[in-house]
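In the numbering used here, the protein residues as written are 148 to 662.
This report concerns only the one structure given below.
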Amino acid sequence: MAEGATPLWRWAPDAGALADAATAATAGGAGGKVEAREDAGGGKGRGLFWAGLAALPAGALAFRERPLAAAQHVSNRAAAPCCPGCHRFVGGGERFLSACLGRGGEGTGDSLTATPPAAAGGSGSAPGGSFRVPRWKEAMAAGGWAPPAAGLRCRGGCGAEYCGVACEEAAWRGAHGLLCPGAGPAPAWDEALEAARAEEEGTAGPPQKRARPESSNAENGLGRQFWSAAFLAHAAATNDVFALAGLCVADVLSRARRRLAERPAEPAPGAAAADAALRWAWTPYGLGWKALWWECVPCPPESAEGGNGGEREFRAALRGLAGDSALLLRRALFDARFPALFDDEVLGSLVGMFELNNLDMVVSNPLARYFRYMESLREGVTGKEEAGGLAEGDLAAAAALEALIEDADTDCHCSGTAFFRAQSLMNHSCDPNCAARKGDADADDSAMLYALRPIQPGEELTISYIEERDEDGQLRPVEERRRLLRDYGFECGCPLCVKEAGAKIPVPGPTPGAP
Ligand SMILES: [Zn+2]
Ligand SMILES: [Zn+2]
Ligand SMILES: [Zn+2]
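Now the structure itself:
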């Protein structure tokens, strides 16, 4: 990177990238289309618009979108066995039930062989803690799709289980191939960190000077897995968004390498070509609204109480944590051709992007669909004769299993963090015309955006970033909404806010922390 050039994380891609982001979204309505615009008006910056030929009816799907990057929360992995590539559930009813009830021997991935169905019986539970889940196949077939009964393990030996060849291959060619921790127990990340620090200090010059070209020898290959494992262990112990941000860095790296291999002399051989390849690979991430994580995270009240010093300390601690994470990632991935990618601020800005865009990834557990199916059978049964035909025992067993799950009270749906390019372009409104919703039948990690009321061609698509209504469905007063929105760093100028604030509430001064 040339001296004085814009740092990678602050570099804004051109309008073409913006158009690409909109094409990431598959419009739902017939003849529908969504369009990204650089200026949504009203000082809001970019926005997403409905560009269909006809109005989108209320309740219709505006668009669906696969995430650019997504990761399941570490804490959720044992309860919800999902493909790391697309977050479809992998396995059958017995396995999901065991996982949900925490009887699967979590974490290692070795528990993943489905327990054999026990002998038929009414209780639903069998000796040895395994379960019989009657009519599973039937229920899945009725729902239009079924999760793959068994997955495919990562070739790197880390135990990750994919839904099939396509996801495993894509992950191996891309980010996971670079960040796969391999087999064996995770190294102690604190010791790894000590070693990495000592090494950086003991070497003359900045760490960037020490090249770690990929696959230069076998030792480096081993080293990469060790540092990847340490990086992931540190993330799991501190903030698992680091792991997701690390995957983004690895994704950019793998695409930059391929791009450079294809165009080694564009615009000129050497550093210029590498820099062009890196910026090209960064482009889709460049669109996300970013700030440095340690600067944009709201300071918790306990820390703020200590006055300015308390907040300073809090931010310094976050800065240190992010620095540690970046150091471990650098040891795992550093490539001397793309030094700009390994700056602490790149990782910090990606973590900040996930925080600021606040986009949850959810996939519903197929058990939910199963229980609904069994319930519909139960409700459909009227006469005693029919009940006998449908094996009353099965229905009772399913009801017992459902009660078991409810008692366990763990979240058995897949939950995580993701970055959706098109959705992240949507502006906030306290009276939004769209909402993200996932149903039992949505099998993967796509975001689904539905129209809340009819949307005319050319109208901006908006969502609410906050819970703008209370439990009773009453709109919260404008000052409360503004307080909830403060972390996003802007003051809402939606028609409701303008009207309410203008009518009865004096407009408060500039929001603290807002630009
Ligand atoms: Zn998959
Ligand atoms: Zn792996
Ligand atoms: Zn508003």
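Every residue, glycine too, gets a C-beta built ideally from N, C-alpha and C.
Since the model is a prediction, treat every value here as computed from it, not as a measurement.
Residues sharing a beta bridge with residue i, DSSP
i: Ser-562; result: Val-509
i: Ile-610; result: His-575
i: Thr-173; result: Arg-211
i: Ile-602; result: Leu-203
i: Gln-219; result: Gly-563
i: Met-595; result: Arg-211
i: Val-181; result: Trp-197
i: Cys-229; result: Phe-236
i: Ala-582; result: Tyr-597
i: Glu-308; result: Arg-300
i: Arg-616; result: Leu-622
CB of residue i within 8 Å of CB of residue j, strictly
i: Gly-433; j: Pro-642; result: no
i: Arg-600; j: Ala-205; result: yes
i: Leu-548; j: Leu-244; result: yes
i: Ala-166; j: Ala-183; result: yes
i: Leu-325; j: Ala-421; result: no
i: Trp-158; j: Glu-492; result: no
i: Val-498; j: Ala-469; result: yes
i: Trp-436; j: Asn-504; result: yes
i: Leu-476; j: Gly-393; result: yes
i: Tyr-517; j: Ala-286; result: yes
i: Cys-230; j: Cys-305; result: no
i: Arg-211; j: Ser-593; result: yes
i: Ala-246; j: Ala-226; result: yes
i: Lys-124; j: Asn-580; result: Outside the shown range of the chain (148 to 662) lies residue 124, about which nothing can therefore be said.
i: Ala-216; j: Leu-425; result: no
i: Phe-501; j: Phe-489; result: no
i: Lys-180; j: Ala-171; result: no
i: Ala-479; j: Trp-319; result: no
i: Arg-235; j: Ala-590; result: yes
i: Ala-555; j: Met-521; result: no
i: Gly-194; j: Leu-506; result: no
i: Leu-596; j: Ile-613; result: no
i: Asp-619; j: Arg-282; result: no
i: Phe-566; j: Pro-214; result: yes
i: Trp-427; j: Arg-405; result: no
i: Ala-289; j: Pro-328; result: no
i: Gly-321; j: Glu-308; result: no
i: Asp-587; j: Arg-519; result: yes
i: Leu-608; j: Trp-197; result: yes
Contact test: residue i Cβ vs ligand 2 heavy atom, cutoff 7 Å
i: Gly-311; result: no
i: Cys-301; result: yes
i: His-323; result: yes
i: Cys-446; result: no
i: Ser-205; result: Sequence check: residue 205 is Ala here, not Ser. No, ligand 2 has no heavy atom inside 7 Å of this Cβ.
i: Cys-305; result: yes
heavy atom of ligand 3 below 7 Å from residue i C-beta
i: Leu-631; result: no
i: Cys-247; result: no
i: Leu-643; result: yes
i: Arg-371; result: no
i: Cys-443; result: no
i: Cys-639; result: yes
i: Arg-132; result: Because residue 132 is not part of the residues shown, which for the chain are 148 to 662, the question remains open.
Anticipated Cβ contact below 8 Å, residue i with residue j, distance rounded
i: Gly-640; j: Gly-349; result: 54 Å between Cβ atoms; not a contact.
i: Ala-569; j: Ile-610; result: That belief does not hold up - the Cβ atoms of Ala-569 and Ile-610 are roughly 11 Å apart, past 8 Å.
i: Val-509; j: Cys-561; result: 7 Å
i: Trp-441; j: Arg-466; result: 4 Å
i: Val-221; j: Pro-228; result: No, Val-221 and Pro-228 are not in contact; Cβ-Cβ is about 14 Å, not under 8 Å.
i: Cys-310; j: Gly-239; result: That belief does not hold up - the Cβ atoms of Cys-310 and Gly-239 are roughly 13 Å apart, past 8 Å.
i: Pro-486; j: Leu-200; result: Not confirmed; about 48 Å, so no contact.
i: Leu-340; j: Leu-551; result: Their Cβ separation, rounded to whole angstroms, is 42 Å, which puts Leu-340 and Leu-551 out of contact at 8 Å.
i: Ala-380; j: Phe-389; result: Contact flag wrong, Cβ pair sits at about 11 Å.
i: Phe-461; j: Ser-450; result: 4 Å
Residue i: CB within 7 Å of a non-hydrogen atom of ligand 1
i: Cys-327; result: no
i: Arg-235; result: yes
i: Cys-314; result: yes
i: Cys-230; result: yes
Any non-hydrogen atom of ligand 5 within 7 Å of residue i CB
i: Cys-577; result: As for ligand 5, it is missing from this structure, which binds only ligand 1, ligand 2 and ligand 3.
Item to check | Whole beta strand (DSSP E) elements within the stretch 438-519, 3-residue minimum | outcome: 507-510
Item to check | Segments assigned alpha helix (DSSP H), at least 4 residues, entirely inside the stretch 387-433 | outcome: 388-409 and 418-433
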